[in-house]
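Asker: Can you read through this structure? Questions will come right after.
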Amino acid sequence: MNKFFERRYVITGIFLVIIFTVLARLYYIQIVDDKYEIYANSNVRRTTILYPARGPILDRNGKILVQNEPIYDVMVNPKDVNRPFDTLLLCKMIGIDKEGFYKRFIKAQKQSPAKPFIFEKQLSVQLYAALQEKLFEFPGFSVVPRTIRTYPDSIAAQFLGFIGEVTDRDIKRSNGYYRLGDYIGVTGVEKAYETVLRGQRGVQVQMVDSKGVPKGSFANGALDTVPRSGERLTSSLDIELQRLGEKLMKNKLGSIVAIEPSSGEILCYVSSPTYDPNLMVGRQRGNNLAKMYNNPYKPFFIRPIQAQYPPGSSFKPLSALIALQEGIISPNEIFYCTGHYKAGNRYVPCNKGEAHGNVNMARAVAESCNGYFSMVFQRIVDRYGVKNTEANFKAWRNNVMKFGLGARLDLDMPAESRGNVPTPLYYDNIYHNGGWRSSTIVSLAIGQGELLATPLQLANLECIIANRGFFYKPHLIKAIGTENVIKKEYTEKNYVGIDSGYFEPVINGMQQVVENGTARRSKIPGIIMCGKTGTAQNPHGEDHSVFVAFAPRDNPKIAIAVVVENSGEGAHWAAPIASFIVEKYLTGKVTAREAGYTVDYFANANRLPDLALYAKDLAKERRRDSIRAAKIDSVRKFKTDSIKKAKADSIKKAKQETAGNNKAGSIISILTGRRAR
Amino acid sequence: MMSNQQQRSFFFNVDWLTVLLYLVLCAIGWFNIRAAVYAPGHSSLIDTSTNYGKQFIFICASLVVAIVILLLESRFIAALAPAFYVIVLLLLILVLIIGRNVGGNQAWINMGGGFRLQPSEFAKLATCLLLARYLSGTNIRVTEPKSFMMAAGIIGLPMLLILRQPDMGSTLVFCSLIFVLYREGLSPYFLVIAGLFIALFVMALLYNPLYIILTLVAITALVVYWGRRNRKLITTMVIGLGICIAFIFSVKFIYSKVLKQHQTERINILLGITTDLRGEGYNVNQSKIAIGSGKLWGKGYLHGTQTQYSFVPAPSTDFIFCTIGEEWGFVGSITVIGLFMFLILRVIYIAERQRSPFTRVYAYGVASVLFFHVVINIGMTIGIVPVIGIPLPFISYGGSSLLNFTILLFVLIKLDSNRMGII
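Chains Y and B are the protein sequences, given in the same order.
The numbering of the first sequence is UniProt numbering, which starts it at 1 and goes up by one.
The numbering of the second sequence is UniProt numbering, which starts it at 1 and goes up by one.
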């Protein structure tokens, strides 16, 4: 003891105050502040996304249309690139140059130094095998297995579509489901059934040390999820039929759509020119894509649902059926064809000016008498007097639309066109308030004028005739998943409002078309096919060859529409091609036609239009389309406006003027817009 | 009487509570070193290729040394203090010539066989002993300038040599001996002034010097006004103000000229002047993450991710507390700190029960050095003091450190066991 004894308490006090400061700080960082736990987890956790295999697609008989093949993506985690290594060796192994290497690396760092970045995509199994042995030499680099699509038969490209990397918009729209570098269906069935095909991603959360070396699963795998493969799709296509169809359409522009009338299942879906879907995967995809876009024949244009043609004579059976249902004419009423039908002050030429003489309905269909159908059409439209032209035309239009024309058929594919059945307002707009008569629009009777239909709509039309009055919604995917789920809407009959009894005279006529009419050279031995040839007018060149048919006559198994562009009459090209498809489907083989034409003759024929001319036409067509679109737009706009307004004439006239101005304005803007591009 | 006691047992009067605390801390150290370098598959507990295997040998060796110390004659210890001090000084000079440079500090002498000696560790012991010897002399009063200068010299000499290495951490440890001087009669103003200067140093870095000076002037003016009749007070305050202002201006100079760049950076990071989570700030940040992520109960023994997956630097030596904080949580941290405080307060208690001033002064030296190490080491891992590389006593991996603290403590236990006698 000495006199400074009490200082022990001062020293003890100072020690305690300091140590309590330390404890308070410890309390704060260990108990109060939660951020360190989060940081610790982000230090040690590495989340790997496990990609599920995309669902395969089969044909109707279970044959594979699309399957998956393993490929490997090289990933880099910039944070883990913590020591120098032989960059040149890596570049060589994955086939890039040094500049590309640095460019990617900087991009990866910009994205996030802690997140894996896809450094090089889609290494083949061979490249991967070589790389894997050396991978430990490249810190921060890893390889993630993925799958890509392969198409063993290289067919049905427009049906299958392709997948591509997601765009920023896709990511935004998916509410964060997709991440940069993910794949998504871009077109075709891949797009339409994306959510079914993509499956469910899994994640694997691993622990890594400060050098990025994996140290086992995090929290014993509590955060891990197993990827679930995408569902299998069974398509309605018949691989054999599809292959034959694509062979027949080689070097031609056009399409084939064949439907099973008793189910609405599409059996054959050819869009020509086509391409090998295998070109849309792998590392050359970008180059191939560019080539395809630059191809003037537009292989990406899905002709069965996007191309719209005037149906031409193939429309006539429909005209006849409506007339019968409306009681306008009886099947046996005789009409005398002079070779020229006079409607008002217009002449409709018929049969190249040669008189058909007396025709009844069956003969009119069989010989495609323009006069007969013009007469029938005029009778319908003028039925309650000229003053009621608009109402009558509307009624006719409604009847036509019940057959699936002028509106989308809701095919289970993206980007379907509507086709067109003109509205009374459309004519009002052109001929100004009632300035049109049945004679003005008589060309509709023979499928010309403003009528437009897609090949799919034409084929569906044949289904309706084959079924005698109803159709199932056409579709390309028959069943989803291993349990073969079928969408309910595909099992419902859609009636078109024509009594089944009215079909026989029309079908008689159609049978005659093939038996001894325009398509007699396409007669299939032993099979009664009912069809109708058509010639769709093409203002830029030779007409489009159209043929629609179904077979056999009783209990039909197949309905078909074939369009061969720039090939003249339906009987010459479309009909024989259709007959081969029908024969193949019904008998399993193809024989030569009576005239000696074989499949190979058609397959080898080149009907591609002259490139220079075609390109010019295309440009014109585009302009015309845009004008039409603008017209339709302005008409639609006008229509909605006018409903609200009173019917007072003065107001209506004022409206029309403004609508006219709008129309002009929008056309100009579209035209200049195109030029500017 | 003394000889009788010693004949009864070598361990007569040994303070077993202190020994127990020592053993517990060593055991905690060993287990946490094992956790820090743990790799699954390393099943052998005593594998001399690993840190924990080596530490096991160090602990055994330390226990042998402890027993040897208990067997020594107490009076030798005081008698040999000057010789020991001189030997250590020579070693400190030697290390500057032939020492091995590890981590920027030329602090180790190679002993062969993979073992290295760190003289600066033993300098603490030697200084405490010589200081005790000097201050316990007759007619020595710290309050007298001459004695104070002598005591300051005993402390300052090894500091200068260690600063040459340059081992800032070990140098600063000697500053803790101010508590010893205080206990022996040094004016409390020294503590106040030391505290004031630390505060001024920090403030001068954080704030504009002008504001600090204005504040100081205002305070001085108030005090002067209040005691305006007291001439002496006025003089002291004005001189004090002058010194403070001079110090504030010299801070920038000290900062840029005296301290090394990494030291200034560490201080900057501590004070939040700069953040550099990839460079100098990386260690502290990762250390805080490890400790902070332990939460209340910790992640469990051998389940610390941050320490085991080498996010934390030097996890078995200077940053060993991260393993404790991460795997044992707040509860474990409090326990370890509690054990240390228990030991330190026990040492102070031992100090105050001595008849011999030598033992008392020495005990306060032990308590101060231990306390400084604990606070600076743990404070560094949780980011309240700058990163200074000094070990956590008994727990950090390292033979020299463990041996030094063992000797430091067991010399005290030996001296204490003889508290009834006169040296």
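Note that beta-carbon positions come from the ideal geometry of N, C-alpha and C, so glycine has one too.
Report the residue from Y:G404, Y:R468, Y:I480 and Y:W396 whose alpha carbon sits nearest the alpha carbon of Y:L444.
Answerer: As a working mapping, residue 444 of chain Y is identified with position 444 in the first sequence. With distances taken between Cα atoms, Y:L444 lies closest to Y:W396.
Asker: Contact between the region 239-253 of chain Y and the region 207-227 of chain Y: three or more CB pairs below 8 Å?
Answerer: With a cut-off of 8 Å, the region 207-227 of chain Y and the region 239-253 of chain Y do not count as touching, because too few Cβ pairs lie within range.
Asker: Would Y:D209 pass as an interface residue toward chain B - the criterion being a Cβ-Cβ separation below 7 Å?
Answerer: Taking the first sequence and counting its residues from 1, one reaches residue 209 of chain Y at position 209. It does: the Cβ of Y:D209 has a partner Cβ on chain B nearer than 7 Å.
Asker: For B:R229, go through chain Y and note every residue whose CB falls closer than 9 Å to its CB, in chain order.
Answerer: Here residue 229 of chain B is taken as the residue at index 229 of the second sequence, counted from 1. In chain order: nothing, as chain Y lies at least about 30 Å away.
Asker: Determine the DSSP secondary structure at Y:R623, reduced to helix, strand or coil.
Answerer: Numbered from its first residue, the first sequence carries residue 623 of chain Y at position 623. If DSSP states are grouped into helix, strand and coil, Y:R623 belongs with the helices.
Asker: Following the continuous alpha helix (DSSP H) through B:Y364, name the residue where it begins and the one where it ends.
Answerer: Your numbering for residue 364 of chain B matches position 364 in the second sequence. That run of the alpha helix (DSSP H) goes P357 to T381.
Asker: How many angstroms separate the CA atom of Y:E657 from the CA atom of Y:A551?
Answerer: Locating residue 657 of chain Y in the first sequence gives position 657, where the first residue counts as 1. Locating residue 551 of chain Y in the first sequence gives position 551, where the first residue counts as 1. With a pLDDT of 49 at Y:E657, under the threshold of 50, the modelled position of that residue is not reliable, and no figure is offered here.
Asker: Spell out a yes or no on whether the region 120-135 of chain B and the region 365-375 of chain B are touching, meaning 3 or more CB-CB pairs, one atom from each, closer than 8 Å.
Answerer: Yes, the region 120-135 of chain B touches the region 365-375 of chain B.
Asker: For the beta strand (DSSP E) that contains Y:S235, what are its first and last residues?
Answerer: Stepping through the first sequence from its first residue, residue 235 of chain Y is reached at position 235. Counting along the chain, the beta strand (DSSP E) containing Y:S235 begins and ends at L233 to S235.
Asker: Just reading off the alpha helix (DSSP H) that B:I350 is part of, what are its end residues?
Answerer: Against the second sequence, residue 350 of chain B aligns to sequence position 350. First-last of the alpha helix (DSSP H) with B:I350: I320 to E352.
Asker: What does a CB cutoff of less than 6 Å around residue 424 of chain B pick up in its chain, not counting 5 residues either side in sequence?
Answerer: As displayed, chain B neither begins before 1 nor continues past 423, which places residue 424 of chain B out of reach and without an answer.
Asker: Y:P525: which of Y:V514, Y:R232 and Y:N41 sits nearest, CA to CA?
Answerer: Taking the first sequence and counting its residues from 1, one reaches residue 525 of chain Y at position 525. Among Y:V514, Y:R232 and Y:N41, the Cα nearest to that of Y:P525 is on Y:V514.
Asker: To which residues of the same chain is Y:K342 closer than 6 Å at the C-beta, ignoring the five residues directly before and after it?
Answerer: Position 342 of the first sequence, counted from the first residue, corresponds to residue 342 of chain Y. No residues qualify anywhere along the chain.
Asker: Can you tell me which of the three DSSP states Y:I14 falls into?
Answerer: To locate residue 14 of chain Y, count along the first sequence from 1; it is residue 14. DSSP places Y:I14 in helix when its eight states are reduced to three.
Asker: What residues in the region 40-69 of chain Y have a beta carbon less than 7 Å from any beta carbon of chain B?
Answerer: For the region 40-69 of chain Y, which is checked against every Cβ of chain B, the residues closer than 7 Å are A40, N43 and V44.
Asker: Counting C-beta neighbours from all protein chains within 10 Å, is the total for B:L20 16 or more, i.e. buried, or is it exposed?
Answerer: As a position in the second sequence, residue 20 of chain B is number 20, starting the count at 1. With fewer than 16 other Cβ atoms within 10 Å, it is exposed.
Asker: Using a Cβ distance threshold of 8 Å, determine whether the region 256-263 of chain Y contacts the region 458-475 of chain Y, with at least three qualifying pairs required.
Answerer: With a cut-off of 8 Å, the region 458-475 of chain Y and the region 256-263 of chain Y count as touching, because enough Cβ pairs lie within range.
Asker: If you drop the 5 nearest sequence neighbours on each side, which residues of the same chain put their C-beta closer than 8 Å to that of Y:S314?
Answerer: For this step, residue 314 of chain Y is matched to residue 314 along the first sequence. Once the five neighbours on either side are set aside, the close Cβ partners of Y:S314 are G447, L458, L461, K532, T533, G534, V546, F547, V548, A561 and G570.
Asker: Per DSSP, which residues does residue 681 of chain Y bridge with? Please list them.
Answerer: This structure leaves residue 681 of chain Y out entirely; chain Y is present only between 1 and 677.
Asker: Out of Y:V205, Y:Y384, Y:I486 and Y:D600, state which residue places its alpha-carbon closest to the alpha-carbon of Y:R232.
Answerer: For the purposes of this step, residue 232 of chain Y is identified with residue 232 of the first sequence, where counting begins at 1. Comparing Cα positions, the closest option is Y:I486.
Asker: When you compare only the Cα positions, how much space is there between Y:L237 and Y:R60?
Answerer: Stepping through the first sequence from its first residue, residue 237 of chain Y is reached at position 237. Stepping through the first sequence from its first residue, residue 60 of chain Y is reached at position 60. About 6 Å.
Asker: For Y:A654, is the classification buried or exposed, using 16 other Cβ atoms within 10 angstroms of its Cβ as the cut-off for buried?
Answerer: The residue labelled residue 654 of chain Y in the question sits at position 654 within the first sequence. Note that Y:A654 has pLDDT 47, beneath the 50 cutoff, so the model's placement of it is unreliable and the number below is only indicative. The residue in question, Y:A654, is exposed, as its Cβ has fewer than 16 Cβ neighbours within 10 Å.
Asker: Rounding to the nearest angstrom, what Cα-Cα distance links Y:G344 and Y:K387 in this structure?
Answerer: Taking the first residue of the first sequence as 1, we reach residue 344 of chain Y at position 344. Taking the first residue of the first sequence as 1, we reach residue 387 of chain Y at position 387. Between Y:G344 and Y:K387, the C-alpha separation is close to 15 Å.
Asker: Could you check how far apart the C-beta atoms of Y:F335 and Y:G371 are, in whole angstroms? I think they sit under 8 Å.
Answerer: Residue mapping note: residue 335 of chain Y aligns to position 335 of the first sequence, counting from 1. Residue mapping note: residue 371 of chain Y aligns to position 371 of the first sequence, counting from 1. Sure, about 7 Å apart at Cβ, within 8 Å.
Asker: Going by DSSP, which residues form a beta bridge with Y:E133?
Answerer: By one-based count along the first sequence, residue 133 of chain Y stands at place 133. Per DSSP, none; premise fails for Y:E133.
Asker: What are the partner residues of Y:G357, as DSSP defines its beta bridges?
Answerer: For the purposes of this step, residue 357 of chain Y is taken as the residue at position 357 of the first sequence. According to DSSP, Y:G357 bridges with Y:C337.
Asker: DSSP has Y:L123 in a bridge; who is on the other side?
Answerer: Working through the first sequence from its first residue, we reach residue 123 of chain Y at position 123. Y:Y72, per the DSSP bridge assignment.
Asker: Select from the region 204-236 of chain Y all residues with a C-beta closer than 8 Å to any C-beta belonging to chain B, and list them in chain order.
Answerer: Result list: M207, V208, D209, S210, K211 and K215.
Asker: Could you tell me which whole alpha helix (DSSP H) segments of length 4 or greater appear in the region 172-226 of chain Y?
Answerer: Runs of the alpha helix (DSSP H) inside the region 172-226 of chain Y: 188-192 and 194-197.
Asker: Identify the contact partners of Y:F15 in chain B, using a Cβ-Cβ distance below 7 Å as the criterion.
Answerer: Within the first sequence, residue 15 of chain Y is the residue found at index 15, counting from 1. Simply I344 and F371.
Asker: For the beta strand (DSSP E) containing Y:F470, list its first residue and its last residue.
Answerer: Locating residue 470 of chain Y in the first sequence gives position 470, counting from the first residue. It spans F470 to Y472 - the beta strand (DSSP E) in which Y:F470 sits, taken as one unbroken run.
Asker: Going by DSSP in three states, Y:K647 sits in which element: helix, strand or coil?
Answerer: Here residue 647 of chain Y corresponds to residue number 647 of the first sequence, with the count starting at 1. Model confidence at Y:K647 stands at a pLDDT of 48, short of 50, so the residue's coordinates are unreliable; what they give is reported in the following sentence. Residue state, collapsed to three classes: coil.
Asker: When the Cα of Y:C91 is compared with those of Y:R346, Y:D33 and Y:E137, which residue comes out closest?
Answerer: Indexing the first sequence from 1 puts residue 91 of chain Y at position 91. Minimum Cα distance to Y:C91 is reached at Y:E137.
Asker: Helix, strand or coil, according to DSSP, for Y:A654 in the structure here?
Answerer: For the purposes of this step, residue 654 of chain Y is taken as the residue at position 654 of the first sequence. Low confidence applies to Y:A654: its pLDDT is 47, below 50, so where it sits in the model is not reliable, and the reading given next is rough at best. Helix at Y:A654.
Asker: What's the C-alpha gap between Y:R363 and Y:G509?
Answerer: Numbered from 1 along the first sequence, position 363 holds the residue referred to as residue 363 of chain Y. Numbered from 1 along the first sequence, position 509 holds the residue referred to as residue 509 of chain Y. Computed Cα separation, rounded: 6 Å.
Asker: Please report the straight-line C-alpha distance between Y:R201 and Y:L50, rounded to a whole angstrom.
Answerer: As a position in the first sequence, residue 201 of chain Y is number 201, starting the count at 1. As a position in the first sequence, residue 50 of chain Y is number 50, starting the count at 1. Approximately 6 Å, taken between the alpha carbons.
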